[in-house]
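Q: Mind having a look at this structure? Questions to follow.
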Amino acid sequence: MSKREEYEARAEKLLEPIMEENHFELVDVEYVKEAGNWYLRAYVDKEGGITLDDCELVNRAWSDLMDENDFIPEAYILEVSSPGLGRQLKKEKDFKRSIGQDVDVKFYQSRKIPAGRNGKEVSVKEITGTLKAYTKEKITLETDFAKEYEIACSDISTVKLTIDF
């Protein structure tokens, strides 16, 4: 386990009681370096959507716990945020919660898909469809070209919720 993964796991453990007490869901924790600064971020949600006041409540409680436990030696910025509209699906619970929603899927390598009724195929690096099913091995989408299109998780680089305007 890398230091980054260790910090994320320990921070996640500290967040668990805060999430339970307030009936929030912890979507993700990340420890990243951006523009020369380290950030420890928690993405939280709840049914009906998370508010700014909710994020502030979590930030205060979590900040106190992080100060008490003090396991990250570098200076960092602590942030609590909503996961956002077009968030990336990473964990099993993200996929399960998103069944029935439209997603954008990016592949590590181009793959061939049907291009129409003439039987021709085109090569694509990304497709959009409705998430129909998820297992640890594959996802199933309903797309313009197939009622059930299965994709091995090992072929997928990212899956994000589609943003419709």
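Numbering follows full-length UniProt numbering, with no gaps: position 40 of the sequence shown is 40. Glycine residues also receive a C-beta, built at the ideal position from the N, C-alpha and C atoms. Note that the structure is predicted; figures quoted are calculated from it, not measured.
Thinking just about the alpha-carbon of each residue, which of 64, 16, 22 and 37 is nearest to the one in residue 28?
A: Nearest C-alpha to residue 28: 16.
Q: Measure the CB-CB distance between residue 128 and residue 155 and report whether it falls below 8 Å.
A: No, the pair does not count as a contact, with Cβ atoms beyond the cut-off.
Q: Using 8 Å as the threshold, is the region 63 to 81 in touch with the region 140 to 155, meaning 3 or more CB pairs across them?
A: Cβ pair count under 8 Å is below three, so no.
Q: On the three-state DSSP scale, how would you describe residue 125?
A: Of the three classes helix, strand and coil, the one that applies to residue 125 here is strand, per DSSP.
Q: Under 8 Å, do residue 14 and residue 65 count as touching if we go by C-beta distance?
A: In contact: residue 14 and residue 65 (Cβ atoms closer than 8 Å).
Q: Assuming residue 76 is part of the alpha helix (DSSP H), what are its boundary residues?
A: Run containing residue 76: none; DSSP gives neither H nor E here.
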